[in-house]
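In our numbering, the protein residues as written are 1 to 110.
Don't be surprised by glycine CBs; every beta carbon is placed ideally from N, CA and C.
Structure, rendered in structure tokens:
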């Protein structure tokens, strides 16, 4: 597999870089980000929780992946939410998200 398409971490980022993108670009949710949850859950979880994580919480870790996307890890009481975003010229697109019990080992080794 070519390196530019992998999700392996290549560098840890500072929260200020993410904050700059959030202040200067609009946020969109991709259709893929919604694929794995039912229609009723989409509105509640996606619109309220995802934007809440992104705009109101400071992430625990932020990594740039080899494919150029950002992997952002937020801690909750029960789990770690990992949100994958693509930063484009005029917008930020939420590509995917998942709940983990801890930050995956591939990120901790970076």
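With a threshold of 6 Å on Cβ separation, who are the neighbours of residue 28 within its own chain once the five nearest residues in sequence on each side are excluded? By 1-based counting over the chain shown, the position of residue 28 is 28. Excluding the 5 residues flanking it on each side, residue 28 has same chain C-beta neighbours closer than 6 Å at 91 and 93, in chain order.
Which ranges does the beta strand (DSSP E) cover as unbroken runs of at least 3 residues, wholly within the stretch 17 to 85, from first to last along the chain? The stretch 17 to 85 contains, as complete beta strand (DSSP E) runs of 3+ residues, the segments 26 to 29, 61 to 65 and 70 to 75 (chain order).
May I have the straight-line CA-CA distance separating residue 56 from residue 15, to the nearest angstrom? As a position in the chain shown, residue 56 is number 56, starting the count at 1. As a position in the chain shown, residue 15 is number 15, starting the count at 1. So the alpha carbons of these two residues sit roughly 12 Å apart.
Beta-carbon within less than 8 Å of residue 97's beta-carbon, same chain only, minus the 5 sequence neighbours each way: which residues are those? Taking the first residue of the chain shown as 1, we reach residue 97 at position 97. Spatial neighbours of residue 97 in its own chain (CB-CB distance under 8 Å, excluding positions within 5 residues in sequence) are listed in chain order as 33, 50, 81, 82, 83 and 84.
Quick check on residue 73: buried or exposed, where buried means 16 or more other Cβ atoms within 10 Å of its Cβ? By one-based count along the chain shown, residue 73 stands at place 73. Looking at its Cβ environment, which holds 16 or more other Cβ atoms inside 10 Å, residue 73 is buried.
Exposed or buried, what is residue 58 when buried is set at 16 or more other beta-carbons lying within 10 Å of its beta-carbon? By 1-based counting over the chain shown, the position of residue 58 is 58. Result: exposed.
If residue 21 and residue 95 are in contact, beta carbons under 8 Å, what's the gap, nearest whole angstrom? Against the chain shown, residue 21 aligns to sequence position 21. Against the chain shown, residue 95 aligns to sequence position 95. Between residue 95 and residue 21 the Cβ distance is about 14 Å, and since that is not below 8 Å, they are no contact.
Count the other C-beta atoms from every protein chain shown that fall within 10 angstroms of the C-beta of residue 54, then say buried if there are 16 or more, exposed otherwise. Residue mapping note: residue 54 aligns to position 54 of the chain shown, counting from 1. So residue 54 counts as buried.
Residue 25 versus residue 101 - alpha carbon distance: In the chain shown, counting from the first residue as 1, residue 25 sits at position 25. In the chain shown, counting from the first residue as 1, residue 101 sits at position 101. Answer to the nearest angstrom: the Cα atoms are 30 Å apart.
Which value, in whole angstroms, describes the spacing of the CA atoms of residue 18 and residue 68? Along the chain shown, read from residue 1 onward, the residue named residue 18 stands at position 18. Along the chain shown, read from residue 1 onward, the residue named residue 68 stands at position 68. Going by C-alpha positions, residue 18 is about 13 Å away from residue 68.
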